[in-house]
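The block underneath contains the structure these notes are about, expressed in structure tokens.
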Amino acid sequence: MNRRYRKTIIAGNWKMNKTPAEAKALIEEMKPLLSKTKWCEMVLCVPFTDIQAAVKAAKGSKIAIGAENMHFEKSGAFTGEISADMLKELGVKYVIIGHSERRQYFNETDEACGKKVQVALENGLRPILCVGESLTEREQDVTMEVIRKQIKIALQNVAVEDIKKVVIAYEPIWAIGTGKTATADQAQEVCAMIRHTIAEMYDEATAEAVRIQYGGSMNAGNAAELLSKPDIDGGLIGGAALKPDFGKIVNYNK
Ligand code: 13P
5 MNRRYRKTII AGNWKMNKTP AEAKALIEEM KPLLSKTKWC EMVLCVPFTD IQAAVKAAKG
65 SKIAIGAENM HFEKSGAFTG EISADMLKEL GVKYVIIGHS ERRQYFNETD EACGKKVQVA
125 LENGLRPILC VGESLTEREQ DVTMEVIRKQ IKIALQNVAV EDIKKVVIAY EPIWAIGTGK
185 TATADQAQEV CAMIRHTIAE MYDEATAEAV RIQYGGSMNA GNAAELLSKP DIDGGLIGGA
245 ALKPDFGKIV NYNK
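Heads up: the sequence shown begins at 5 in my numbering, then just goes up one per residue.
Quick look at the structure:
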């Protein structure tokens, strides 16, 4: 199997931006730009408070709505948290797990990410598991070890029949929101290693079916080059997903 058999997946991560009214307006503006797209799947991961408005606004389009986080417990005394079944009931299809901002500001560990991935899958949500190295880790030449550990721990309990539902997003922390994109070759090198790690954990055919995204200052100008690489199956896009311009990335035609 090669790249052609994996459907490209372009996802936006709105982070802590947009009120429900703003979400509705932006999706309405994006919709006509996206309607022609056949070659890829589109996802918008939005703040919890925007989910209902986003699902309604995206109705009848090819945009799937995702969440940016969830808790691994089903219910209980976890003030301020949101469970997988709460998301599911609102029409959420994808959920970002372990974004570097959650790891950095909210102390999320690989173990916690692993539990979240499991619970998301059990509830029929598709996890987008984020991994990535810091600038120091890249400079000290430990990128591959760091990412292998993140993958191996977060996916340790995922069964072979479920792993194809997981999307992995490689997001070098130094490239997030900095305007400093990894070169297409740097991104390809890590994405290929991620696929190799999945092959080690499962098997070659399974690894060939798993989709791997790049994220970090990706935009309409640099997407084509990144997406031309054999192991980069999509993008996880922050800043550039907050504008209707997002449509240009999605409409990039290979
Ligand atoms: P930017 O595209 O703004 O660099 O953000 C990337 C990101 O963190 C997506 O999850």
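All C-beta atoms in this analysis are idealised placements derived from N, C-alpha and C, irrespective of residue type, glycine included.
Asked, Found
"For residue 173, the three-state DSSP class (helix, strand or coil)", "strand"
"Environment of residue 53 [buried if 16+ CB atoms lie within 10 Å]", "exposed"
"Residue 214 versus residue 79: straight-line alpha-carbon distance, rounded", "30 Å"
"Inter-residue spacing [alpha-carbon to alpha-carbon] between residue 31 and residue 76", "29 Å"
"DSSP three-state assignment for residue 5, whether helix, strand or coil", "The predicted position of residue 5 is uncertain, since its pLDDT is 43 and thus under 50; a value taken from the coordinates is nonetheless stated next. Coil at residue 5, not helix or strand."
"Where residue 12 sits in the DSSP three-state scheme", "strand"
"Segment limits, alpha helix (DSSP H) that includes residue 191", "188 to 205"
"Spatially closest choice to residue 176 from 58, 102, 44, by CA coordinates", "102"
"Distance between residue 202 and residue 208 (C-alpha atoms, nearest Å)", "8 Å"
"Outcome for residue 182 when other beta-carbon atoms lying within 10 angstroms are tallied against a minimum of 16", "exposed"
"C-alpha gap between residue 217 and residue 188, whole angstroms", "12 Å"
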